[in-house]
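Protein chains in written order, with the working numbering: chain A, 46 to 182; chain B, 46 to 182. Don't be surprised by glycine CBs; every beta carbon is placed ideally from N, CA and C. None of the values given here were measured: they were computed from a predicted structure.
There are 2 protein chains.
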Amino acid sequence: MTLDEAWRILSEHQFKRTKNRETLLEYFAAHDKYMSAMEVRNFMAQDNPGISYDTIYRNLATFSELKILEETELNGERHFRMQCDAKNHHHHFICTECGKTRSISHCPMEIVTDELSGYEVEGHKFEIYGKCPICIT
Amino acid sequence: MTLDEAWRILSEHQFKRTKNRETLLEYFAAHDKYMSAMEVRNFMAQDNPGISYDTIYRNLATFSELKILEETELNGERHFRMQCDAKNHHHHFICTECGKTRSISHCPMEIVTDELSGYEVEGHKFEIYGKCPICIT
DNA sequence: CAAATGAATAGTAACCGTTACGATTTGTTG
DNA sequence: CAACAAATCGTAACGGTTACTATTCATTTG
């Protein structure tokens, strides 16, 4: 997702254009990987040492709800990354070393749903963990 | 997994037979679903009000390492259930209402691995969330 | 363009699941 | 049954997250 798309979504929902949101979105646009809330906070604190936890977590939650960011839980911490491509449902290989991801086009749900008649499926999680080619060496 | 199997594994690894471990294992044997550490603790506190967090978490971790319990993270909390069947790799549908599970035989990794040449795959998570037939009604 | 107003943020403390640790008790082994 | 290591207790600390009030800021409107 581009910065322009993100701002379009935000303004469509009457969210204001603030310095914090600009810095946040630029940070995500420039880092193509999953990052923890704390990583984000540490970065934000560089030019704004007094930034509040409230600001970080509230904006991350907002962006996530608006599908500007993708969210997942790794080792008990929430991690976020810029939405890859809103149009296509997909899954991720996630590098446990650097956090970078690789999209997986195949979705296992197609095969599984008929195994679950009588059940109401609300969601699913399919993630692959390991080392990316760069981190192996 | 039966209680006998669990105790065999424990004694093979020189773990002692304590009252707490007996109560814990009986609880898991009697509840065929994922339960949080707190749920377990609350149950244990019924006949042993002074039971320590240390005891709960240490034993859950031990059981999990020995593959007596299966572990997953739901909504930021660790959940545990008795190991379904140690022999076969499988995945779960998990009811978000009652925690009960249904095994899914199909594993998506078979199809996906050749999409990931150059990557070192260490693990994966595939879980389906929703309502089971009983909780729908 | 200035005042009004509601959103956004700062500063800080509380919360909750989990982990840690010294002191004590318990299970097992010889 | 003595001795020793394992297990537990009681309690405090920890880390990520959430919550709250006062203040600041972005936008709207006269």
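For a contact defined as C-beta to C-beta under 7 Å, what are the partners of residue i on chain A?
i                     : result
residue 165 (chain B) : 175, 176, 181
residue 138 (chain B) : 161, 164
residue 121 (chain B) : 118, 121
Starting from the beta carbon of residue i, find every residue of chain B whose beta carbon is closer than 7 Å, and list them in chain order.
i                     : result
residue 169 (chain A) : 172, 173, 174
residue 156 (chain A) : 151
Taking buried to mean at least 16 other C-beta atoms within 10 Å of its own C-beta, is residue i buried or exposed?
i                     : result
residue 149 (chain A) : buried
residue 47 (chain B)  : exposed
residue 127 (chain A) : buried
residue 89 (chain B)  : buried
residue 58 (chain B)  : exposed
residue 177 (chain B) : buried
residue 144 (chain A) : buried
residue 134 (chain B) : exposed
residue 124 (chain A) : buried
residue 151 (chain B) : exposed
residue 63 (chain A)  : exposed
Could you please give the first and the last residue of the uninterrupted beta strand (DSSP E) stretch that includes residue i?
i                     : result
residue 140 (chain B) : 136 to 140
residue 148 (chain A) : 146 to 149
residue 72 (chain B)  : Residue 72 (chain B) -> not in any beta strand (DSSP E); alpha helix (DSSP H) instead, spanning 64 to 75.
residue 114 (chain A) : 114 to 119
residue 108 (chain A) : Taken as a continuous stretch (DSSP letters only), residue 108 (chain A) belongs to no beta strand (DSSP E), being part of the alpha helix (DSSP H) at 98 to 110.
residue 160 (chain A) : Residue 160 (chain A) -> no beta strand (DSSP E), and no H or E assigned at all.
residue 79 (chain A)  : Unbroken run through residue 79 (chain A): none, as it is neither H nor E.
residue 171 (chain B) : 165 to 176
residue 125 (chain B) : 122 to 127
Which first and last residues belong to the alpha helix (DSSP H) in which residue i is found?
i                    : result
residue 89 (chain B) : 82 to 92
residue 49 (chain A) : 48 to 57
Nearer than 7 Å: is that true of the beta carbon of residue i relative to any heavy atom of the ligand COA?
i                     : result
residue 139 (chain A) : Absence of the ligand COA from the depicted structure is noted, as is the absence of any ligand whatsoever, leaving it without description.
In chain B, which residues lie less than 9 Å from residue i when you measure between Cβ atoms?
i                     : result
residue 141 (chain A) : 167, 168
Using the beta-carbon of each residue, which ones in chain A are nearer than 8 Å to residue i?
i                    : result
residue 95 (chain B) : Within 8 Å Cβ-Cβ: nothing; residue 95 (chain B) doesn't reach chain A, min ~27 Å.
* Asked: Is the segment 111 to 128 of chain B close to the segment 53 to 60 of chain B, with three or more CB pairs under 8 Å?
  -> These segments touch.
Legend entry - Touch test, the segment 150 to 162 of chain A against the segment 88 to 105 of chain A, Cβ-Cβ under 8 Å, three pairs minimum: Result no; under three Cβ-Cβ pairs closer than 8 Å.
Check: So, do the segment 77 to 95 of chain B and the segment 84 to 98 of chain A have three or more beta carbon pairs nearer to each other than 8 Å?
Finding: Note that the segment 77 to 95 of chain B does not touch the segment 84 to 98 of chain A; fewer than 3 beta-carbon pairs, one per stretch, sit closer than 8 Å.
If you pair each beta-carbon of the segment 163 to 176 of chain B with each one of the segment 174 to 181 of chain A, do three or more pairs fall below 8 Å?
The segment 174 to 181 of chain A and the segment 163 to 176 of chain B touch, with three or more beta-carbon pairs separated by less than 8 Å.
Would the segment 136 to 147 of chain A and the segment 74 to 86 of chain A be scored as touching if the rule is three or more Cβ pairs under 8 Å? The segment 136 to 147 of chain A is in contact with the segment 74 to 86 of chain A.
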